[in-house]
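Residues 299 to 495 (my numbering) make up the sequence shown, in order. We treat Cβ as the ideally placed atom computed from N, Cα and C, and that holds for glycine. Single-structure report; data block below.
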Amino acid sequence: MKLLITGFGPFGNVKVNPSWEVAKRIALVHPAGVEVCARRLPVVFDGVGDVLWEAVEQFAPDVVLMLGVATKRSVISYERVAINIDDSSKVDNEGKTYPGTPIRLDGPTAYFSTLPVKEMRDATLAAGLAAEISNSAGTYVCNHTMYECLYRIEHSGLKTRAGFVHVPQLKTNGAIELDNMVKAITIAIEIIKKHED
Ligand code: PCA
Numbered sequence: 299m300k301l302l303i304t305g306f307g308p309f310g311n312v313k314v315n316p317s318w319e320v321a322k323r324i325a326l327v328h329p330a331g332v333e334v335c336a337r338r339l340p341v342v343f344d345g346v347g348d349v350l351w352e353a354v355e356q357f358a359p360d361v362v363l364m365l366g367v368a369t370k371r372s373v374i375s376y377e378r379v380a381i382n383i384d385d386s387s388k389v390d391n392e393g394k395t396y397p398g399t400p401i402r403l404d405g406p407t408a409y410f411s412t413l414p415v416k417e418m419r420d421a422t423l424a425a426g427l428a429a430e431i432s433n434s435a436g437t438y439v440c441n442h443t444m445y446e447c448l449y450r451i452e453h454s455g456l457k458t459r460a461g462f463v464h465v466p467q468l469k470t471n472g473a474i475e476l477d478n479m480v481k482a483i484t485i486a487i488e489i490i491k492k493h494e495d
């Protein structure tokens, strides 16, 4: 299985984005039977889709697993859905905000993740790590990236599966540590692989 795993760089108050730290570690440990390509994405509404898609075209993955940090969450969140809206008063790394603008005028209201989120959640919990299914990836750059990825896959006719996982901030009120985030994502990848085989 060829896996493109992405994380984001710093933004706002997030100086070290754990999503990129996890993606890098996954590329190093490289789970059995999985060829991994890790890419860091910029926290910008405009252009993040292009950066991601360039990696998809270069690497031709079977699966795209996108990671981002959710600073207010304390557990691993497997995102079920991406919605067609950019709505944020919080600036991105280009200083842009969006007042509630559709991501794609010709796109559907939402895309479901094409990864087995329930099984990923269950396997993570079974390993003793805190996890949940989330029904909102927000309306900032992470939701935008997940939506763009699924839109582009649909429009390119590729069979690539894709989904998004939010990880907690590092070392905040009871949040899990990097090692455990890597463990959780490794477990999620094993579940994805079982589905691909
Ligand atoms: N988290 C933000 C964008 C980049 C990141 O890591 C989000 O949840 O939208």
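Alpha-carbon spacing of Asn471 relative to Ser372, whole angstroms: Along the sequence shown, read from residue 1 onward, the residue named residue 471 stands at position 173. Along the sequence shown, read from residue 1 onward, the residue named residue 372 stands at position 74. Low local confidence applies: a pLDDT of 48 at Asn471 is under 50, so the model's placement there is unreliable, with the coordinate-based value given in what follows. Distance between the alpha carbons of Asn471 and Ser372 is about 8 Å.
Count the other C-beta atoms from every protein chain shown that fall within 10 angstroms of the C-beta of Lys481, then say buried if there are 16 or more, exposed otherwise. Here residue 481 refers to the residue found at position 183 of the sequence shown. Result: buried.
For the beta strand (DSSP E) that contains Glu377, what are its first and last residues? As a working mapping, residue 377 is identified with position 79 in the sequence shown. Looking at the DSSP string, the run of the beta strand (DSSP E) that includes Glu377 is 374-377.
Among the candidates Asp344, Phe343, Val367, whose CA atom is the shortest distance from the CA of Glu319? For the purposes of this step, residue 319 is identified with residue 21 of the sequence shown, where counting begins at 1. Out of Asp344, Phe343, Val367, the CA that lies nearest to the CA of Glu319 is found in Val367.
Counting only the same chain and skipping the five closest in sequence on each side, list residues whose C-beta sits under 6 Å from that of Arg419. On the sequence shown, residue 419 is found 121 positions in, with the first residue counted as 1. Result list for Arg419: Tyr376, Ala429, Ile431, in chain order.
If I measure Cβ to Cβ from Val349 and keep anything under 7 Å in the same chain, skipping five residues before and after, which residues do I get? If you number the sequence shown from 1, residue 349 lands on position 51. Counting only Cβ-Cβ distances below 7 Å, and skipping sequence neighbours, we find Leu339, Pro340.
Spatial distance of Val312 from Glu452 (CA atoms): One-based indexing of the sequence shown puts residue 312 at position 14. One-based indexing of the sequence shown puts residue 452 at position 154. Rounded to the nearest angstrom, the two C-alpha atoms are 32 Å apart.
Can you name the start and end residues of the alpha helix (DSSP H) that Ala421 belongs to? Taking the sequence shown and counting its residues from 1, one reaches residue 421 at position 123. Here the alpha helix (DSSP H) through Ala421 covers 415-424.
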